[in-house]
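*Asks:* Sending over a structure as structure tokens; questions will come in a sec.
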């Protein structure tokens, strides 16, 4: 049996890989943040201007589920119970699968408790150990729709191929990936695969 290594030009594989990373991130963070926030090191809010119900410094969560190990690090988590939202600052997520690993970083983001939806903002970069790199300013996950998307400019690169557009929409149920708007694709060099 031959092992198929997905390429940037294989939208179904790309959509699947991105979904796995985001789905694991959403489920794990939602459950673990709520459970561990009660036992984490809490910063006194004293004269702080934040209206957060709970402020946690140096968040580090790690879990294994379904054969996938993930680790979330954030400089700070602010839990807003009435809004059902946790705000994260300086986020780094690592996902380790058997054959590949992923890293996603961003300056800030929000996790919505009831829906499990996530939004990561500012300098969002997702990289995989097999060379895929996604860059944008906002990346959103909607769990109920199994949709990863952004309406911000996006850049995907791998093995000398670069695809950029003004939006990205990955729909897992349909197994589709769409780069929209004014799309530009550049292929240089010889792929390493």
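Residue numbers (my numbering): 17 to 209. Glycine included, every Cβ here is placed at the ideal spot set by N, Cα and C.
Grab the span of the beta strand (DSSP E) containing residue 97 for me, first residue to last.
*Replies:* Run containing residue 97: none; DSSP gives neither H nor E here.
*Asks:* Relative to the C-alpha of residue 72, which residue among 79, 96, 187 is closest?
*Replies:* Looking at the Cα atoms, 96 is the closest of the given residues.
*Asks:* For a test of the three-state rule: what should DSSP assign to residue 175, helix, strand or coil?
*Replies:* Of the three classes helix, strand and coil, the one that applies to residue 175 here is coil, per DSSP.
*Asks:* Can you give me the C-alpha to C-alpha distance between residue 64 and residue 103, rounded to a whole angstrom?
*Replies:* A caution first: residue 64 carries a pLDDT of 43, below 50, which makes its placement in the model too unreliable to give a value.
*Asks:* Can you tell which of 189, 178, 112 has the C-alpha that lies nearest to the C-alpha of residue 158?
*Replies:* Comparing Cα-Cα distances from residue 158 to each of 189, 178, 112, the minimum goes to 189.
*Asks:* Based on the DSSP secondary-structure assignment, which residues constitute the bridge partners of residue 122?
*Replies:* Partner(s): 107.
*Asks:* Output needed for residue 76: all residues of its chain with C-beta closer than 6 Å, excluding positions within five of it in sequence on either side, in chain order.
*Replies:* Once the five neighbours on either side are set aside, the close Cβ partners of residue 76 are 89.
*Asks:* Could you work out which residue in 83, 107, 136 is closest to residue 156 when comparing CA atoms only?
*Replies:* Looking at the Cα atoms, 136 is the closest of the given residues.
*Asks:* Output yes or no for whether 8 Å exceeds the beta carbon distance between residue 205 and residue 181.
*Replies:* The answer is no: Cβ separation not under 8 Å.
*Asks:* In angstroms with no decimal places, state the Cα-to-Cα distance between residue 139 and residue 167.
*Replies:* Those two C-alpha atoms are separated by around 14 Å.
*Asks:* What first and last residue would you give for the beta strand (DSSP E) that runs through residue 166?
*Replies:* Where residue 166 is concerned, the enclosing beta strand (DSSP E) stretches over 163-166.
*Asks:* Which residue marks the beginning of the beta strand (DSSP E) containing residue 138, and which one marks its end?
*Replies:* Note, residue 138: beta strand (DSSP E), 134-144.
*Asks:* Kindly list the residues whose CB is nearer than 6 Å to the CB of residue 121, restricted to its own chain and excluding five residues on each side of it in sequence; keep chain order.
*Replies:* These residues qualify, in order along the chain: 108, 141.
*Asks:* Buried or exposed: residue 93, going by 16 or more other Cβ atoms within 10 Å of its Cβ?
*Replies:* Answer is buried; the Cβ neighbour count reaches 16.
*Asks:* At which residues does the beta strand (DSSP E) containing residue 221 begin and terminate?
*Replies:* In the structure displayed, the chain extends from 17 to 209; residue 221 sits before or after that span and is not available.
*Asks:* Would you tell me roughly how many angstroms separate the C-alpha atoms of residue 170 and residue 112, rounded to the nearest one?
*Replies:* Roughly 24 Å between the two C-alpha positions.
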